[in-house]
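Read through the structure below, which is laid out as structure tokens, and then see the notes.
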Amino acid sequence: MPERASFLKSFFTVPLHDCRMKYVLLIVLLAVVFYKLTARRNERPAERKPAPPQDMVSCARCGLHMPASEALPGRGGMFCSAAHRAEFESANAKV
Ligand SMILES: [Zn+2]
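Once you know that position 34 of the sequence shown is 1464 in the working numbering, the rest is easy, because the numbers rise by one and skip nothing.
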């Protein structure tokens, strides 16, 4: 099959810039780049990590749970607010 042989020969010997293949390759390349960009964009929300766990404490007055960083330390434990701390401390002072 001389015709087929010449086709194969031309396929591998014709420079890429003279060939229609360059458009196909360009389109494939753009498709891959576009896919990678959109795939990465779609991954971002899933990659978002949840906030690191915090120590939870409960208010000695009302029992409300809150992160230790937001709690107010006082005599007798941790409190959710200055009002509860004052109530708890004044109640204990009476006794
Ligand atoms: Zn409280």
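Ideal placement from N, C-alpha and C gives every residue a C-beta, glycine not left out.
The beta carbon of R1505 sits no closer than 6 Å to any heavy atom of ligand 1.
R1470 and L1459 have their C-alpha atoms some 17 Å from each other. Per DSSP, the beta bridge partners of G1507 are G1504. For S1499, no beta strand (DSSP E) encloses it, and the DSSP letter there is neither H nor E. With at least 16 other beta carbons inside 10 angstroms of its own, C1489 counts as buried.
The alpha carbon of P1497 has as its nearest neighbour, out of P1482, A1516 and R1505, the alpha carbon of P1482.
Ligand 1 approaches L1494 closely enough that one of its heavy atoms is under 6 Å from the residue's Cβ. Burial of A1501 is indicated by the presence of at least 16 other C-beta atoms within 10 angstroms of its C-beta.
Residue pairing from DSSP places S1488 in a beta bridge opposite H1495. R1478 carries a coil assignment under DSSP once its states are collapsed to helix, strand and coil.
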